[in-house]
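For the sequence shown, the UniProt record's numbering begins at 1 and goes up steadily by one.
Just so you know, even glycine gets a beta-carbon here, dropped at the ideal spot from N, CA and C.
Every value quoted in this text rests on a predicted model; they were computed, and no experiment measured them.
Comments concern the structure below.
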Amino acid sequence: MNTIDQALKISSFVGEYEIVGNGCAPSLIDMPLKLKINDLTFEFNFISDSDNKETKVTKRNVDGKVGIFDLINFDNPLGTGALTPWHIGTISGRKLYISFWIWTPSSNDGKRIIDWTLMLDQIK
């Protein structure tokens, strides 16, 4: 049988985390990244604070189904992000995590590139 005709099931893992989605997306000032996973929505907003140059993330939850990440001073053209998985919710009894890296080739225009990965903990 020709292997091209067979369907492959590929699973990816990082340590104990199962990768369930990943992507790379552009983001503009008026077009933040939004991820929808089943009935959950996650939005990434970029804020520049000229008074305080510290890079930080604030996370807000809206009615348990919407998570908003305010990414403050993510303006580095070489990239800034969270490579260690962050717990952001639960789906079907499994913990959902995200990691991301953001490049800002043009902070004056608010243009960014977001590389993101969604992971679930292992089934016990």
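Check: residue i C-beta below 7 Å from any heavy atom of the ligand COA
i: P105; result: This structure lacks the ligand COA, and indeed carries no ligand of any kind.
Top-ranked residue by Cα proximity to residue i, from the options
i: I102; options: D109, I91, L78, T84; result: L78
i: S50; options: I37, I123, S107; result: S107
i: D121; options: I68, L35, V62, I98; result: I98
i: H87; options: S12, S11, Y17, V62; result: Y17
i: G89; options: L35, S12, G23, L28; result: L35
i: G110; options: L28, G21, V20; result: L28
Straight-line Cα distance separating residue j from residue i
i: E54; j: N73; result: 7 Å
i: A82; j: A7; result: 34 Å
i: I114; j: T84; result: 15 Å
i: I91; j: D75; result: 32 Å
i: G93; j: S48; result: 36 Å
i: I123; j: P26; result: 33 Å
i: M68; j: K9; result: At residue 68 the sequence reads Ile, which differs from the Met that was named. Between I68 and K9, the C-alpha separation is close to 33 Å.
i: K46; j: G15; result: Note that residue 46 is Phe in the sequence shown, not Lys. Cα-Cα distance, rounded: 30 Å.
i: S12; j: T104; result: 28 Å
C-beta contact flag for residue i and residue j at 8 Å
i: D39; j: K65; result: yes
i: T80; j: D70; result: no
Residues that DSSP places opposite residue i in a beta bridge
i: A25; result: I114
i: L35; result: F42
i: S106; result: K111
i: L120; result: E18, L96
Just to confirm the assignment: which complete beta strand (DSSP E) runs, minimum length 3, are found wholly within the segment 44-100?
56-62, 66-72, 80-91
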